[in-house]
């Protein structure tokens, strides 16, 4: 606050006082400072009135009793309190209206992210004010926006840069409530915005360039990376026909560089876009491995026996030992060539060498590879 006061130019202050419309932001800040001063004075006066000495007795009338004096002071306090609250309410309302006026916004943002088309109120949103999109619904939203505008202006004066503006979905739905009436098809894509809103996506996640055009930064458009968050074949259908209407292949084959780049982030599964059967036909099993596959007990049996060649396409023999099983050995290093066939003859209750002879039960169980096999008793 001290730094802000040091940077105030007296000439600018006088200009704001003489013509508040020349700088609505500065006028609002001065008004806020005046409110603060008035509140301090009122609090001081209230304290003085509450602790003032009893008046001298009037000769022409009976003296006030202590109870009457307390009632008088209480009435005075309530009057001052009501006047203070009324003054604060009026000044706050004026400040809120001033700070949410488009002229205040465009004093700074006309040089940054607001294009001329928006500034002239042309394009898809004619007549829409800044606060209509950048404030939440209701009076509380306008007051919050006004406080944010004052804070941003103070930060810009101090050279710290203003806060980033936000467009709220409830503001969009205030006018575009009809998008929740049911599915609609645009550009051969069927979209049900009700499900999108229920999934807590924001309107700007897909329509960021609607308000200000490309000057507001890289525009967000509907991306498959958002769709597959729900359309993974489990939460919602992953079939193309669910959303894509008609011949999705089109009549012409564009080059690969004409396709939009889709940012998927960390890929956990391909189920959102591709049927698993199509992956298995080439890869031999679903890729990438699911977390359940890696943590479960099935992958050991496949790596050692049933799908050893499939695993060897990507993983060397030492991969399992170095990544997850540092104390384990590959079957080819610890067992004979035909061990997986011959070990049945050397196991069982009559055999001298059992699984427990080499493997601790805590680390190995027969039913990891043999489903339904009775687990051996733990070593005492």
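Residue numbers (my numbering): -6 to 373. Glycine included, every Cβ here is placed at the ideal spot set by N, Cα and C.
Hey, residue i and residue j are a contact pair by Cβ (cut 8 Å); roughly how many whole angstroms apart?
i, j, result
"residue 125", "residue 75", "So it is not a contact: roughly 34 Å between Cβ atoms."
"residue 134", "residue 140", "Actually they are not in contact, since the Cβ atoms of residue 134 and residue 140 sit about 11 Å apart, beyond 8 Å."
"residue 178", "residue 136", "Their Cβ separation, rounded to whole angstroms, is 40 Å, which puts residue 178 and residue 136 out of contact at 8 Å."
"residue 269", "residue 279", "5 Å"
Using alpha carbons as the reference points, say which of the options lies closest to residue i.
i, options, result
"residue 377", "307, 285, 293", "The structure shown does not extend to residue 377, since the chain is modelled only from -6 to 373, so the question has no answer here."
"residue 138", "162, 121, 166, 91", "91"
"residue 147", "22, 299, 275, 296", "22"
"residue 215", "189, 204, 205", "189"
"residue 79", "167, 67, 28", "28"
"residue 121", "286, 292, 203", "203"
"residue 32", "77, 173, 270", "77"
"residue 86", "98, 99, 97, 132", "132"
"residue 97", "81, 82, 123", "123"
"residue 219", "197, 151, 61", "197"
"residue 383", "282, 303, 294", "Since the displayed the chain opens at -6 and closes at 373, residue 383 lies outside it and no answer follows."
Can the beta-carbon of residue i be found less than 7 Å from the beta-carbon of residue j?
i, j, result
"residue 24", "residue 84", "yes"
"residue 195", "residue 162", "yes"
"residue 292", "residue 286", "yes"
"residue 173", "residue 187", "yes"
Exposed or buried, which one is residue i when buried takes at least 16 other CB atoms within 10 Å?
i, result
"residue 72", "exposed"
"residue 36", "exposed"
"residue 199", "buried"
"residue 171", "exposed"
"residue 93", "buried"
"residue 34", "exposed"
"residue 379", "Examination of residue 379 is not possible in this model, given that the chain is present from -6 through 373 alone."
"residue 192", "exposed"
"residue 296", "buried"
"residue 313", "buried"
"residue 30", "exposed"
"residue 205", "buried"
"residue 102", "buried"
**Study point:** Touching by the beta-carbon criterion (3+ pairs, under 8 Å), the segment 222 to 233 and the segment 140 to 151
**Key:** no
Review point. Three or more beta-carbon pairs under 8 Å between the segment 230 to 239 and the segment 171 to 182, yes or no?
Key: yes
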